[in-house]
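> The structure's right below; bear with me while I get my questions together.
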Amino acid sequence: GAAAFLRRGRPPVPLPAMLGLPWRSAAAPPPPPTTVYDFLRDASELRDQMIGVLLSLLLLGVLDILFCRRFRARWMALHTIANIVVVATTIFDVMNAADNPILSCVGKGQSDVPTNMIVALHLYHLLLFDCGFDDVLHHVIFVGLIGGLGVFFDVNFPVKNLIAFFMCGLPGGLDYLMLTLVKQELMSPLTEKAWNSRINVWIRSPGLLLCAFCVYQAARHGPADSACALHPGIAGAVALLCVGNGQYYMQRVTGNTYRKVQRFSS
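The sequence shown: position 94 = 84 (this note's numbering), numbered continuously.
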C-alpha cells in the first residue's frame, strides 16, 4: 500500500500529475530564466523602481533648492552630490565583482539606488536646465540604456553597479567636484584639466576595462543560467560599450589637456 510505497523512498505522485495536468510543488524553485523577457520586472517591482526614481528626483530638487543654488556651478555641485550617492551605494559590489568576476552576473547587487539616482540626475538636467544637443544626446543614451536595463529589467547584479561606479560614480564625482571649484575660483581651469586627464587615464578607463573583463568572464565561465551566459550577445554589447566609452573619453580628455596645458605629465 501507500506505506510500503513511501518506505521505498519514493513519494506518491500528486493527483494533478497523474492526470497529466501542469503541476509544481510549492517547495520547488521556479524555473531558471531562459529569455530576455524572463528578466522583465513584474508590476510591483516596476512600481518600486519608478518610486525610487521619483524619490531620487525629489531628493535632487531639495538639495538643489537648499544647497546647490548658492554655487555659481549649480549643476556641477548637484552632480557631485549625486555621484557621492552612487559611490556610497556601489562600493561593496565593486569589491565583490572585482574579487570574483565569474559570479559578477548572478545574485543580488548591493542596491538599486545607483540606477535610480543616475536616471533621476539625467532627467533632472533635461527638465530644469538649458541643455545643448550634446547634453541631450548624452542624457537620452544614459536614461535609455541605464534606465531601460536597470529599471525595467531585474539585472541588479554586482557587475551592473561596478559599471555605474566607474562610468558615472567616482571619476565623474571627482571631476565635477573640481569643476565646481573652478567656477568658485578655488582651482585653476588648467589644474582641473590636468587632473581630469589623470583620472581618466588611471581610474576611469582601466575601471571600465575591468567592467568589460568581468562581463566577459561571467558570460564565458559563469553559471549557465546567469544573464550574461544566457545572452552573450547582450553581454558582449555591454562589454564593448564599456571599452568604447572608457577609451573614447580618455583619448578626448587627454588630447585636450595636451593642447591646453603646456607643462603636463601623467
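Built from N, CA and C at the ideal position, the CB exists for glycine as well.
Is it buried or exposed for M85, if we count other Cβ within 10 angstroms and need 16 for buried?
Under this definition M85 is an exposed residue.
> Helix, strand or coil for F123? Go by DSSP, reduced to three states.
Reduced to three states, the DSSP call for F123 is helix.
> Let me confirm a value: R194 is counted as buried when at least 16 other C-beta atoms fall within 10 Å, else exposed. Which label applies?
Looking at its Cβ environment, which holds 16 or more other Cβ atoms inside 10 Å, R194 is buried.
> Can you grab the Cα-Cα spacing for the pair L231 / I55, in whole Å?
The straight-line gap from Cα to Cα measures roughly 35 Å.
> Tell me whether L53 sits in a helix, a strand or coil according to DSSP, three-state version.
DSSP places L53 in helix when its eight states are reduced to three.
> From C158 to T105, what does the alpha carbon distance come to, in whole angstroms?
About 10 Å.
> At which residues does the alpha helix (DSSP H) containing H221 begin and terminate?
H221 -> no alpha helix (DSSP H), and no H or E assigned at all.
> Rounded to a whole number of angstroms, what is the C-alpha to C-alpha distance between R62 and I92?
Between R62 and I92, the C-alpha separation is close to 45 Å.
> Counting along the chain, where does the alpha helix (DSSP H) carrying C95 start and finish?
Unbroken run through C95: none, as it is neither H nor E.
> When DSSP labels each residue in this structure, what does F143 get in the three-state scheme?
Three-state result, F143: strand.
> What is the DSSP secondary structure of M107, reduced to helix, strand or coil?
If DSSP states are grouped into helix, strand and coil, M107 belongs with the helices.
> Is the segment 141 to 160 in contact with the segment 74 to 89, if contact means three or more CB pairs nearer than 8 Å?
Yes, the segment 141 to 160 is in contact with the segment 74 to 89.
> Can you list, in chain order, the residues of its chain with a C-beta nearer than 7 Å to that of Y114? Leave out the 5 residues immediately preceding and following it.
Contacts found: L47, L50.
> At what residue ranges does the segment 171 to 229 contain a whole run of the alpha helix (DSSP H), taking only runs of 4 or more?
Entirely contained in the segment 171 to 229, the alpha helix (DSSP H) runs reaching 4 residues are, in chain order, 179 to 189, 195 to 211, 217 to 220.
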